[in-house]
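Asks: Structure provided below as structure tokens; questions to follow.
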Amino acid sequence: MEFEPIVVKEEWEMILDFFENSFGKRPTEMEPILLLIGVQELGQGHAHFTKEQKQDLLHIATCKVLSYSDFYRLDGLDEEGWPHWENVQGIPSLPLKEQEILLKAHIIHYFKTEVFPNEDH
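Each step along the sequence shown adds one to the number in the UniProt record's numbering, with nothing skipped, and position 98 is 98.
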């Protein structure tokens with residue numbers, strides 16, 4: 001996974017381009033991208049989600065992408081099929097900009113491995 005800010009910035013632009021081309025709208029923040037990852041990881045397709053469920057989807061997405069660096073581990077699914085994650089190790093305390101780079105790098109890795117696994121990166 002690449003954490004160099006300029007590389008993350010360039011690859012993040014490709015993720016934003018994908019969203020714009022797929023959904024006709026370019027996200028201005030990470031939340032819609034994380035929400036899509038959460039829905040994908042839930043695996044129940046598109047549905048109407050309550051505000052609380054959307055918060056849960058954001059949590060699922062964050063745990064999933066941070067699992068690539070072993071911060072979280074999938075603990076299992078509940079009776080409704082929602083994944084539950086266990087925090088395995090603490091996430092380092094970083095300044096806000098570095099936190100953003102860390103999360104974006106993990107989201108980029110998710111897209112490279114889960115969404116576009118057969119494309120050259």
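Cβ coordinates follow ideal geometry from the N, Cα and C atoms, glycine included.
Here the structure is a predicted model, which means the values were calculated and not measured.
Under 8 Å, with one C-beta from each stretch per pair, do the segment 56–66 and the segment 24–36 reach the 3-pair mark?
Replies: Result yes; three or more Cβ-Cβ pairs closer than 8 Å.
Asks: I'd like the ranges of any beta strand (DSSP E) spanning at least 3 consecutive residues and lying wholly in the segment 34–121.
Replies: The qualifying runs are 72–77, 83–87.
Asks: When you compare the CB positions of P83 and L96, do they come within less than 8 Å of one another, or not?
Replies: Residue numbering aside, residue 83 sits at position 83 when the sequence shown is read from its first letter. Residue numbering aside, residue 96 sits at position 96 when the sequence shown is read from its first letter. No, these two residues do not count as a Cβ contact at 8 Å.
Asks: Alpha carbon to alpha carbon, what distance is there between Y68 and T50?
Replies: Within the sequence shown, numbered from 1, the residue matching residue 50 stands at position 50. Within the sequence shown, numbered from 1, the residue matching residue 68 stands at position 68. Their Cα atoms are separated by approximately 28 Å.
Asks: Measuring alpha carbon to alpha carbon, tell me which residue in K9, H46, I15, D56 is nearest D78.
Replies: To locate residue 78, count along the sequence shown from 1; it is residue 78. With distances taken between CA atoms, D78 lies nearest to D56 out of K9, H46, I15, D56.
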